[in-house]
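Residue 3 is where the sequence shown starts when you use this note's numbering, and the numbers rise one by one after that. Using N, Cα and C, we set each Cβ at its ideal position, and we do this for glycine too. Here the structure is a predicted model, which means the values were calculated and not measured.
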Amino acid sequence: MTKSRFLEKQIVFALRQAELGTPVPEVCCKPGISGATFCTWRKKYGCISPLELKHMRLREEENLRLKKWVANLSPDKTMLQDVQTKRN
Numbered sequence: 003m004t005k006s007r008f009l010e011k012q013i014v015f016a017l018r019q020a021e022l023g024t025p026v027p028e029v030c031c032k033p034g035i036s037g038a039t040f041c042t043w044r045k046k047y048g049c050i051s052p053l054e055l056k057h058m059r060l061r062e063e064e065n066l067r068l069k070k071w072v073a074n075l076s077p078d079k080t081m082l083q084d085v086q087t088k089r090n
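Here is the structure:
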């Protein structure tokens, strides 16, 4: 996943502006994004509060950390299983 050059706060702020009645092209013009990007943001972050967004980001980081941890342990497990089958 590529890192966005916009902070989550900026994304939520842009979405809130559109909800409050600012025309979408005007909202897109200020940060310099396309309409397609705005629609993607709306799909992903549509009804999320900033606090929920922060929790979501923390969960994603923890999941990445755990996936790396499991990936590092998997070769050790297979190696130990191979040794055990050779002994039997």
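At least 3 beta-carbon pairs within less than 8 Å: the segment 11-19 vs the segment 35-53: Yes: the two stretches touch, three or more of their Cβ pairs being nearer than 8 Å.
Could you give the distance in angstroms between the alpha-carbon of Ser-76 and the alpha-carbon of Leu-82? One-based indexing of the sequence shown puts residue 76 at position 74. One-based indexing of the sequence shown puts residue 82 at position 80. Rounded to the nearest whole angstrom, the C-alpha separation of Ser-76 and Leu-82 is 10 Å.
What's the C-alpha gap between Lys-56 and Thr-87? Stepping through the sequence shown from its first residue, residue 56 is reached at position 54. Stepping through the sequence shown from its first residue, residue 87 is reached at position 85. Distance from the CA of Lys-56 to the CA of Thr-87, rounded to the nearest whole angstrom, comes to 46 Å.
Best match in Arg-89, Phe-8 and Thr-80 for proximity to Thr-39 [C-alpha to C-alpha]: Along the sequence shown, one-based indexing puts residue 39 at 37. Ranking Arg-89, Phe-8 and Thr-80 by Cα distance to Thr-39 puts Phe-8 first.
For Val-29 and Gln-19, what's the separation of their Cα atoms in angstroms? For the purposes of this step, residue 29 is taken as the residue at position 27 of the sequence shown. For the purposes of this step, residue 19 is taken as the residue at position 17 of the sequence shown. Rounded to whole angstroms, Val-29 to Gln-19 spans 7 Å at the Cα level.
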